[in-house]
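Notes to accompany the following structure.
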Amino acid sequence: MNSQKIISIIMGIVGALSAVFLFMIISTGDEAIKAGEASGAVNSFMYIAYAILALIAVIVLIFVIKGLFAGNIKKTLLSVGAFLAIVVISYAISSGTDLDLKPFIEKGEDVTEATSKNVGAGLYTFYVLAILAIASMAYSGVKKIFNK
Numbered sequence: 006m007n008s009q010k011i012i013s014i015i016m017g018i019v020g021a022l023s024a025v026f027l028f029m030i031i032s033t034g035d036e037a038i039k040a041g042e043a044s045g046a047v048n049s050f051m052y053i054a055y056a057i058l059a060l061i062a063v064i065v066l067i068f069v070i071k072g073l074f075a076g077n078i079k080k081t082l083l084s085v086g087a088f089l090a091i092v093v094i095s096y097a098i099s100s101g102t103d104l105d106l107k108p109f110i111e112k113g114e115d116v117t118e119a120t121s122k123n124v125g126a127g128l129y130t131f132y133v134l135a136i137l138a139i140a141s142m143a144y145s146g147v148k149k150i151f152n153k
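Numbering (my numbering), first residue to last: 6 to 153.
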C-alpha cells in the first residue's frame with residue numbers, strides 16, 4: 006500500500022468524523038450549546054477537536070520528516086533557516102510597548118508587554134511571508150509571460 010492510498014484513507018476517515026461531529030453540533034441548536042457549556046458537553050467536543058488536531062499534526066509531521074530525507078536536504082534546511090531568520094528578525098523589531106495595557110488589565114485580561122511583543126512578532130512575520138508569497142507569484146507570472 007503506497008503512501009498516497011494511506012493518505013486518502015486517513016483523509017476520508019477524518020472527513021467522515023468531521024461531518025458527523027458537525028452534524029451533531031448543528032442539530033443540538035444554540036440553546037443546547039449554551040446549556041451544554043455549563044454541563045461540560047461542549048468541553049467533550051473540544052477535547053475531540055483537540056485530539057483530531059493533534060492526530061493531524063502528527064501525521065503532517067511524519068510526512069514532512071519523510072519528505073525531508075527523500076528530497077534535497079540542503080534546500081530544505083536553507084528554507085527552514087530563512088523562515089527562522091524571518092521569525093527572529095520580526096521578534097527583534099517588535100517592541101511590545103506600543104499598546105496601552107491599562108484597559109486590558111481593568112477588564113481582567115492577562116495581557117503583558119511580552120504578550121504584546123509576541124503578537125507583534127507574529128504580525129510582522131505574517132506580513133513578511135505574505136509579501137514574499139505575493140512577490141514570488143508575481144515573479145513567476147512575469148517570467149512565464151516573457152518566456153513565451
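All residues carry an ideal CB built from backbone N, CA and C; glycine is no exception. All figures in this text were calculated on a predicted structure; none of them were measured in a lab.
Item	Value
Reduced DSSP secondary structure (H/G/I, E/B, other) of Glu36	helix
Candidates Ser49, Asp115, Ile53, Ala119, of which the one nearest Asp103 by Cα	Ala119
Reduced DSSP secondary structure (H/G/I, E/B, other) of Ser100	coil
For Ser121 and Leu73, the rounded distance between their alpha carbons	34 Å
Short Cβ contact (8 Å threshold) for Thr130 with Ile98	no
Residue range of the alpha helix (DSSP H) that includes Val133	118 to 152
Bounding residues of the alpha helix (DSSP H) (the contiguous stretch that carries Glu111)	107 to 111
For Phe151 and Asn77, the rounded distance between their alpha carbons	29 Å
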